[in-house]
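Report on one structure; see the data block that follows.
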Amino acid sequence: MMELLPDLDKNAAYIWVCYGLGALLVGGTVIGVVLKARAAKAALRRMQTGDEDAE
Amino acid sequence: MGMLSAFANPHRFLALSNWLAPLFYGVGAAMIAWGLWQGLWVVPKDDYQGGDIMRVMFIHVPAAWLAMASYSGMAAASFIWFIWRHELADIAAKAIAPLGAVWTALCLATGSIWGKPTWGTWWQWDDARMMSVLFLFFLFLGYMALRAAMDSRQKAARAGAILAMVGALNVPLIKFSVDMFTSLHQDASVITVDGPKMAAVYLWPLMMNGLGHMLLFGGLVMTLMRAEIWTRRAARQRARLLAGA
Amino acid sequence: MSPKPILSAFRQALSEAWAGGAGALLPLGFFAGAAVLVPLGIGTEPGMLRAVGPGILWVSLALSSLVTLERIFQSDVEDGTLDLWLQAGAPVSAIAAAKTFAHWLTAGLPLALMSPVLALMFQAEAGLSLLTGALIYGLGGLAFFFWGGVGAALSATVRRGGLLIALIALPLYVPTAIFGSMAMRGAAFGDTAPLLLAASTLFALAAAPFAMAAALRLAAD
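Protein chains in written order, with the working numbering: chain A, 164 to 218; chain B, 22 to 266; chain C, 1200 to 1420.
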């Protein structure tokens, strides 16, 4: 399994922290944004169907 | 002209972004994946630049590019809204801010972590680029805080536009003043008068990473704009119900 | 277009800022804080104080501006003075500039004038550089107050907007802080730094009032 990872020199820890941060921030943002859009669409749909129910 | 109306007309925008955003996500992710594979596994390390640590550039430099490009985008969108009052332009500016803040924070964090083994310090006060990007981060935060503090959407749009434009006027001044300081930072090795100074073997993965991040960012902006359009529609619906029913 | 609204706004701001002598306390307070507390805090070694002194005074100037700015427009929004100005027929940008200038006169200029004394306490060499230093602090403080004024105008409707003002103002203060400290260091950067400081301050004086006016109109709505 360790052969899959590149063989980095003494600063490996710094490099992995950077890319880990990147994965976390970028990935987290993508997930957060997509979820926010879904929630907004669902809320709008609820609003619209609620309107029809009222009529 | 039909394409351009997607930027003024929310319906057209929703139709366009419906397929364009996922496309951007897909292509962007693929480019980043290729670029990372190249950058971390394939390209040789450069002992002159400090060994493997320079591989951090494949995430740090794209983040820096996005920090600056996204601020310009936010300022341009604010200006367009200020002159033509297209609601979509305001929605775009509002969407860019938090995303720009994230990539700016990523740039600062990766830059700081890169700096520690390279220069021995987590932060360098008279480093030109570090300082410029730090203030860019404050500009994004200030923009978001100001919009959030306003009572109404209209006021938030107006206040945000004023701040974004004042900030935009000052960004060249900030960069110029900060550049006048001595800088530990690497001299520009990608965009110089003589063309890229960087060797092709590093330049290609860097460009792929950069473009990939930009496409991903673009997709995220579109998705946030869609969310905002739906939220505003729901709010208008609610207002109509309360007023009419 | 009569200058009367501008002059009266100026006079009103001046009297508010100086209210019952309390206005004088602010710059003196920052001056005393810098002169007395900093050496107590960081030590009295002369070489270090000489290096640190100019920066301390820039910080004092910046803080002095941020503290006064919070009040500069908020009361006008609340008591309706702002609406009066909007109807007054004089350009709102000129009124905003006059108010900001008045606050600089009471909180910024005194610090600049006292800077030679502070510089001496921070082991600076006595000489002409003390006077040029005062001029540099004067120019820099002016820019701080005008950019800060933009932040204050934008935050005029926000309750306890001090933090927001600081967040908005900080990036805008940077060029002045940099050119100003370069100008203080003098020899290393030649003659360009004071000119750049003057240029960036003039830019602030020219641009900030319009932004303040736009923000104040927004606050009045």
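Glycine residues also receive a C-beta, built at the ideal position from the N, C-alpha and C atoms.
I need the straight-line Cα distance from residue i to residue j, nearest angstrom please.
i: L1236(C); j: L1329(C); result: 22 Å
i: G72(B); j: L1304(C); result: 56 Å
i: K66(B); j: D172(A); result: 9 Å
i: P1290(C); j: L1404(C); result: 15 Å
i: D1275(C); j: E1215(C); result: 11 Å
i: I74(B); j: A85(B); result: 17 Å
i: H234(B); j: L1281(C); result: 46 Å
i: S1380(C); j: D1390(C); result: 13 Å
i: L1353(C); j: G1347(C); result: 10 Å
i: L224(B); j: R1384(C); result: 40 Å
i: L227(B); j: F156(B); result: 25 Å
i: A1407(C); j: W1284(C); result: 18 Å
i: S91(B); j: I112(B); result: 14 Å
i: L129(B); j: M1411(C); result: 31 Å
i: G265(B); j: A206(A); result: 20 Å
i: W135(B); j: L57(B); result: 17 Å
i: A221(B); j: V64(B); result: 10 Å
i: A1421(C); j: I178(A); result: Here chain C has residues from 1200 to 1420 only, and residue 1421(C) is not among them.
i: G1228(C); j: L1312(C); result: 14 Å
i: L1206(C); j: A1297(C); result: 8 Å
i: G1240(C); j: G1232(C); result: 11 Å
i: G1242(C); j: L1260(C); result: 22 Å
i: R208(A); j: G1279(C); result: 43 Å
i: L37(B); j: A97(B); result: 21 Å
i: A200(A); j: G1340(C); result: 46 Å
i: F79(B); j: A50(B); result: 14 Å
Using three-state DSSP, classify residue i as helix, strand or coil.
i: G265(B); result: helix
i: G141(B); result: coil
i: G72(B); result: strand
i: P1290(C); result: coil
i: F238(B); result: helix
i: N219(A); result: Any answer about residue 219(A) is impossible in this case: the structure gives chain A only from 164 up to 218.
i: K1203(C); result: helix
i: Q1322(C); result: coil
i: T1243(C); result: coil
i: P267(B); result: Because chain B spans 22 through 266 in this model, residue 267(B) falls outside it and cannot be assessed.
i: K66(B); result: coil
i: F79(B); result: helix
i: S93(B); result: helix
i: R247(B); result: helix
i: S99(B); result: helix
Report the residue from the options whose alpha carbon sits nearest the alpha carbon of residue i.
i: G231(B); options: L87(B), V48(B), K115(B); result: L87(B)
i: L1262(C); options: F1230(C), L1319(C), L1283(C), Q1286(C); result: F1230(C)
i: L1224(C); options: F1209(C), L1256(C), W1346(C), P1309(C); result: P1309(C)
i: G1252(C); options: A1208(C), P1315(C), A1287(C); result: P1315(C)
i: E249(B); options: G136(B), A130(B), A116(B), L162(B); result: A116(B)
i: A1250(C); options: A1323(C), A1333(C), A1419(C), V1349(C); result: A1323(C)
i: I1271(C); options: A1287(C), G1232(C), G1340(C), G1361(C); result: G1361(C)
i: G1246(C); options: S1207(C), I1367(C), A1318(C), A1382(C); result: A1318(C)
i: G1307(C); options: A1287(C), L1265(C), R1210(C), G1240(C); result: L1265(C)
i: G1337(C); options: T1400(C), L1415(C), I1367(C); result: T1400(C)
i: K204(A); options: I53(B), W40(B), A255(B), F158(B); result: A255(B)
i: L109(B); options: F28(B), G239(B), G94(B); result: F28(B)
i: Q1417(C); options: P119(B), L245(B), R179(B); result: A quick correction: the sequence has Leu, not Gln, at residue 1417(C). Checked all of P119(B), L245(B), R179(B); the closest Cα to L1417(C) is R179(B).
i: Y1372(C); options: G1326(C), K1203(C), S1292(C), V1258(C); result: V1258(C)
i: G188(B); options: P1370(C), F1300(C), A1397(C), A1355(C); result: P1370(C)
i: A169(B); options: F1343(C), F1345(C), T1356(C); result: T1356(C)
i: A1413(C); options: V77(B), L160(B), L184(B); result: L184(B)
i: F238(B); options: P31(B), T252(B), A122(B); result: A122(B)
i: G163(B); options: P119(B), P193(B), S173(B); result: P119(B)
i: M151(B); options: P43(B), L127(B), G60(B), W40(B); result: L127(B)
i: I1294(C); options: F1345(C), A1234(C), L1394(C); result: F1345(C)
What residues of chain A sit near residue i, judged by a beta carbon separation below 7 Å?
i: G72(B); result: D172, N174
i: A282(B); result: An answer regarding residue 282(B) cannot be provided, because it is not within the stretch 22 to 266 covered by chain B.
Can you pull the chain A neighbours of residue i, defined as C-beta to C-beta under 8 Å?
i: Q59(B); result: In chain order: nothing, as chain A lies at least about 11 Å away.
i: T252(B); result: A203, A206, L207
i: Q258(B); result: L207, M210, Q211, D214
Using a Cβ cut-off of 7 Å, pull out every chain C residue sitting near residue i, in sequence order please.
i: R179(B); result: L1417
i: F100(B); result: By Cβ distance, chain C contributes nothing, its closest Cβ being about 13 Å from F100(B), past 7 Å.
i: Q91(B); result: It should be noted that the sequence gives Ser, not Gln, for residue 91(B). Within chain C, no residue comes near S91(B); the closest Cβ sits about 16 Å away, beyond 7 Å.
Determine the chain B residues that contact residue i at a beta-carbon separation under 7 Å, and present them in chain order.
i: S1399(C); result: L194
i: I1271(C); result: Chain B residues near I1271(C): none, gap ~17 Å exceeds 7 Å.
i: V1349(C); result: V187
i: I1367(C); result: G163, L167, L184
Give me the chain A residues within the contact set of residue i, using Cβ-Cβ distance strictly less than 9 Å, ordered along the chain.
i: K115(B); result: Going along chain A, no residue has its Cβ under 9 Å from K115(B), so there is no contact; the nearest lies around 13 Å.
Taking residue i as the query, report the chain B residues whose CB atoms sit under 9 Å from its CB, ordered along the chain.
i: L1374(C); result: Strictly speaking, residue 1374(C) in this sequence is Pro, with Leu absent from that position. By Cβ distance, chain B contributes N191, L194, I195, F197, S198, V199.
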